[in-house]
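577 is the number of the first residue of the sequence shown in the numbering used here; add one for each residue after it.
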Amino acid sequence: MIIREANLNDVQAIARVHVDTWYTTYKGIIPESYLAKLSYQQREIAWQKIIEDTMSSSQFVDVAENNSGEIIGFANSGKERTSDRTYKGELYAIYILAAYQRQGIGYKLTLSTVDKLSELGFNSMLVWVLADNPACRFYETIGGQKVYEKQIERGGVMLKEIAYGWQDITSVRDRISSR
């Protein structure tokens, strides 16, 4: 398994992972009618733009490949999007196919994120996650503190979203390294 920077040739695979993990992660949390409208084609268009934008912005996308070279997960990160005064970096998205979860891939993608945010001069970060997402335990395990809450709407339903924050992202590396 390797972690590497995404490129335009990865758009289709990233879109597949994105849509497939939404189905498995959010089933029972987000209305089925909303999930049924997700499309690989729409996600491909979005990921094409995101990856093109990484060339001229403080944003990046990493992918995780299995031993056969298939993309099985990704992380998208960069500058925090709301100009928060405390948290300068943000993990926008991290998704790993269900069959590959709980194998350390999330840790590896997060370490890559921390390294790249550090290179950009961001020493703090946050991630927004639905409160009912089982991944909340992952963020707590690596030292994330609940710092904000907000309500968002998906499929006509209001959902609570939590921001986990790290004021010093070197603590993330320390937590993961000690596992």
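The beta carbon of each residue, even a glycine, is placed where N, CA and C say it ideally should be.
Can you tell me whether DSSP reads residue i as helix, strand or coil?
i: S653; result: strand
i: G682; result: helix
i: R592; result: helix
i: L667; result: strand
i: K613; result: coil
i: I718; result: coil
i: I745; result: coil
i: E758; result: Outside the displayed range of the chain (577 to 755) lies residue 758, so it cannot be described from this structure.
Taking C-beta to C-beta, are residue i and residue j nearer than 8 Å?
i: E628; j: R580; result: no
i: Y668; j: H594; result: no
i: I745; j: K722; result: no
i: V748; j: I728; result: no
i: E666; j: R657; result: yes
i: A651; j: S688; result: yes
i: D706; j: L673; result: The sequence given here places Leu at residue 706; Asp does not occur at that position. Cβ atoms of L706 and L673: not closer than 8 Å.
i: N709; j: T600; result: no
i: M577; j: I647; result: no
i: Q743; j: S700; result: yes
Starting from the Cα of residue i, find the closest Cα among the options and give me that residue.
i: S653; options: I647, G645 and V639; result: V639
i: V733; options: R592, I605, I578 and A707; result: I605
i: E716; options: L614, Y683 and S633; result: Y683
i: I752; options: L735, T686 and G731; result: T686
i: K664; options: W598, L693, S644 and L611; result: L693
Who are residue i's beta bridge partners in DSSP?
i: F636; result: S653
i: A739; result: W704 and Y724
Counting beta carbon pairs with one atom in the segment 615-622 and one in the segment 583-603, are three or more of them shorter than 8 Å?
Enough Cβ pairs lie closer than 8 Å, so yes.
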